[in-house]
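Structure first, commentary second.
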Amino acid sequence: MTDTEGPFPHRETGFALVLSLLFTGIVLIMVASTAASLAGGSRRGGVDERRAFQALLIAESGINSLPRKAGEYVRTKPFTGSTVAELQIWLTGSSSVTNAGGLRGYLAATAPATGNAVSALTALTATTFTAQSTGTDGQATKVVLHDFEIRPRLLPPGLRPNSGIISRPRIQAGGSSSVTTEFSPAVTTVVGNNVSNGSTVTVPVASTAGLETGDYVTISGSTYRVTALTASSISAARVISAATPPSKLSGDVGLVLNPVTTALPTVSAAGQTVLHTPTVTSFRVGETITVGQGVSSRRATVQALDAAAGTLSVTWVAGAPTTVAEGTALTRDVTAMSSAGQVTIEPSAKNKQNNFYGYTGGVKTNDCTTNTSCSGSDNAALAAASGSEFTRLLLGLTDAELNDLVPLTPAPSSPLPNNTNVGILRIAANDYQKFFKSNSTYSGIIIVDGVMTSNVTGTTIHGLVYFRDDVEGTFNGSATVYGAIAVRGGALNVNNVLSGNLSVHYDAVTLQQIFTTASGSRQYAPVAGSWRQH
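When we follow the numbering used here, the leftmost residue of the sequence shown carries the number 2, and every step to the right adds one.
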């Protein structure tokens, strides 16, 4: 009997099928397990990637909010230092970047519950620092760094004041007060007498402070365009020659305040003439100016201004010049006093008409022909510029913009030292004598907020003093101002009385240099190309 003939024939039938199914099942289980593992890993990788990206966004938010936050902080805690150590203290409260305080402490106190996380601020130089921001989401952490530069915030370009005293309320001048105008454009002097006159020159000077490349200056009767500067020399190209030029250059170096920068070979008397000048924002539509100097000068009325193009359009009052050379001066008329109301002089022996004079057409002119008839009376521009518009007319800013540029400075424990340059300083009126002491000299732009209750006494100020409120009785005392005083005041029919020995000398060159260089609070700008991940 064979194997197939017993009670269990064909015992191995179907074994291969079972084995095949078993193997297939195992393979499917392995495939499913691998797929599940890959899917789980992919999900975990996606979550990790999403968290890492979220952490990077959080770190970035800290960096991006820094300029705004620094702007908020500087309003109450301005940075006034000039060294790396002083900047580090302002940033963190001490030399350690981990110590809460300073700007770092302010950032921590004002940060949202999640997100913004500036973790370190490190001074690099006296004007630059690195901000490090750390973002965390779950187990993901990202650190980014960016460098920032501290820059001064300057006034808009343009020298707008054109009176020794500018007041919306009426002006009543009394006592021994005087307001005069000085046209002394000298900014420095030539050292020695060894430079030969020529079309291009390099002149040693006492100082180049207040000058910039591109300015126009006068030396020995000729006008030059400044092409380069060092601390003690001026390189320049002659654009207008003196009628009888000397062989050697010497004497004062004068600044051309409002120069024509593009020559006009021919000028038509008909229609409007377009003049190019970098100081176009100094002028006002409707005012009459003098183009050129001396017997060849001409009078013109400003018809239109284009700040973007740097041009003003004028019509000629009594005949046009045949040409206008590069470097020709555009001179504004200046009055001693100007008001939206009446300007008068008290009829006293001490206070005479010749104590108040300006310049018209470049010629010294008494402001007042009688005690009640003064050329600065009833200024329509001042009458129309109430409140914040008066500030814009004076400084090119609204009140809100000025407040943002210049935070209110708390009164110091002792007055500022003699010969202090205050830049742009904004103070409360009652604190005036806490800042400035008698028999001392200061320079800059001083904004006085509130009603003045103490006299401006015994100080000498080079620059502008701007009173932004009702200031009756402000000008009693012996103050001397080389520049200008501006008074916004309240009602136009209130008299601003000048008394005592107040002396104001309108000096356009001093004002121009101070307006160009004086700065308010600092701004914080990212340094291009410095972003990086740690």
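Even for Gly, the Cβ is constructed at its ideal location relative to N, Cα and C. Everything numeric in this text was worked out from a predicted model, so none of it was measured.
Please name the residue in A232, S479, S242 whose C-alpha comes closest to that of T201. Nearest of A232, S479, S242 to T201, Cα basis: S242.
Going by other Cβ atoms of all chains shown within 10 Å of its Cβ, with 16 needed for buried, is F80 buried or exposed? That one is buried.
How many Å lie between S311 and V227 at the Cα? Checking the sequence shown, residue 311 turns out to be Gly, not Ser. The C-alpha of V227 is placed about 19 Å away from the C-alpha of G311.
Let me check understanding here. Comparing Cα to Cα, which of V261, T278, V318, A308 lies closest to V325? Selected option, being the one with the closest Cα: V261.
Between the Cα of S378 and those of N367, T461, A341, spot the shortest distance and give me the residue it belongs to. For the options N367, T461, A341, the alpha carbon positioned closest to that of S378 is the one of A341.
For T1: DSSP bridge partner residues: The shown model of the chain, from 2 to 535, leaves out residue 1, and the question about it has no answer.
Alpha carbon to alpha carbon, how far is A86 from G139? Give it in angstroms, no decimals. In this structure, the alpha-carbon of G139 lies about 37 Å from that of A86.
For T332, count the other beta carbons within 10 Å of its own beta carbon; 16 or more makes it buried, fewer makes it exposed. Which is it? Counting Cβ neighbours within 10 Å, T332 comes out buried, since at least 16 surround it.
Can you list, in chain order, the residues of its chain whose CB lies under 6 Å from that of G464, leaving out five sequence neighbours each side? For G464, the CB contacts under 6 Å within the same chain, skipping 5 residues up- and downstream, are S444, G445, I446, G484, I515 in chain order.
Cβ pair T399, R489 closer than 9 Å: For T399 and R489, no; Cβs fall outside 9 Å.
Using DSSP bridges, identify the partner residues of W317. Per DSSP, A301.
F24: buried (16+ other C-beta within 10 angstroms of its C-beta) or exposed? In this structure F24 is exposed. Its beta-carbon is surrounded by fewer than 16 other beta-carbon atoms within 10 angstroms.
Take the Cβ of H535 as the centre, count every other Cβ of all protein chains shown within 10 Å, and call the residue buried at 16 or more, exposed below. H535 should be labelled exposed.
Give, in chain order, every unbroken run of the beta strand (DSSP E) that is at least 3 residues long and sits entirely within the stretch 99-154. If we require 3 residues or more, the beta strand (DSSP E) runs fully inside the stretch 99-154 come out as 119-124, 129-138.
Are there 16 or more other CB atoms within 10 angstroms of the CB of P322, so buried, or fewer, so exposed? Around the beta carbon of P322, a 10 Å sphere encloses 16 or more other beta carbons of the protein chains shown; the residue is thus reported as buried.
Could you check whether T203 and D253 sit closer than 9 Å to each other, using their CB atoms as the reference points? Not a contact, by the Cβ cut-off of 9 Å.
For a test of the three-state rule: what should DSSP assign to L212, helix, strand or coil? Shown here, L212 sits in coil according to DSSP, grouped into three states, outside any helix or strand.
Cβ shell of F54 (< 6 Å), same chain only, five flanking positions each side left out: The answer is none, since no qualifying residue turns up.
Spatial neighbours of V466 in its chain, beta-carbon cut-off 6 Å, leaving aside the 5 residues before and after: So the list reads I447, I486, once near-sequence residues are dropped.
Are the beta-carbon atoms of F149 and P408 separated by less than 9 Å? No, they are not a contact pair.
S164, buried or exposed, once every other Cβ within 10 Å from all chains shown has been counted against 16: Buried.
In whole angstroms, give me the CA-to-CA distance for G474 and V286. Here the model assigns G474 a pLDDT of 46, short of 50, so the residue's position is not dependable and the matter cannot be decided.
For a quick check, are the C-beta atoms of P246 and S221 less than 9 Å apart? Here P246 is near S221, since their CB atoms are less than 9 Å apart.
For the beta strand (DSSP E) that E390 lies in, which residues bound it at each end? Boundaries around E390 are those of the alpha helix (DSSP H), 389-396, since no beta strand (DSSP E) includes it.
Would you report the Cα separation of A384 and G459, rounded to the nearest angstrom? Straight through space, the alpha carbons of G459 and A384 are spaced by roughly 32 Å.
Given a cut-off of 9 Å on the beta-carbon distance, is the pair A536 and G136 in contact? There is no way to answer for residue 536, as the model of the chain reaches only from 2 to 535.
What residue from S234, S197, V144 has the CA that sits closest to V206's CA? Among S234, S197, V144, the Cα nearest to that of V206 is on S234.
Mark L29 as exposed unless 16 or more other C-beta atoms lie within 10 angstroms of its C-beta, in which case mark it buried. The residue is exposed, with fewer than 16 neighbouring Cβ atoms inside 10 Å.
Quick test of your reading: S197 and K249, contact by CB under 8 Å. State the CB separation rounded to the nearest angstrom. Yes, they are in contact, since the Cβ atoms of S197 and K249 sit about 6 Å apart, within 8 Å.
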